[in-house]
Amino acid sequence: MNTQTLNEKLELIQWLSTLEDTSIIKKLIQFRKEETKDWWNAISEEEKKSIEKGISEADNEELKPHSEARKLYGKWL
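Mapped onto numbering that gives the first Met the number 0, the consecutive letters of the sequence shown carry residue numbers 0 to 76.
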């Protein structure tokens, strides 16, 4: 996460901590409920299988070193 985003989050936290208008607080709570989605239901079956495979490999201690992953996926990082 970049510095600008972190600063914006801190500003929002500070603003929220001083907020006294209950109608705005209720709107923010409603917004959060509507925006909270289970991403698992939004991804493809292929993505789910890939995640499940990764969890299984981790459970079976079949992990690859970070340096190896960087070689394979470095162009996307």
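A virtual CB, placed ideally from N, CA and C, is assigned to each residue, including glycine. Note that the structure is a prediction, hence the values are computed from the model and not measured.
The criterion of a C-beta distance shorter than 9 Å is not satisfied by Trp39 and Lys48. For Ala68, the closest C-alpha among the options Trp14, Gly53 and Ile42 is that of Gly53. Remark: C-beta atoms of Leu15 and Leu5 do not approach each other more closely than 9 Å. Your pair Leu18 and Ile24 checks out as a contact, with CB atoms roughly 6 Å apart and the cut at 8 Å.
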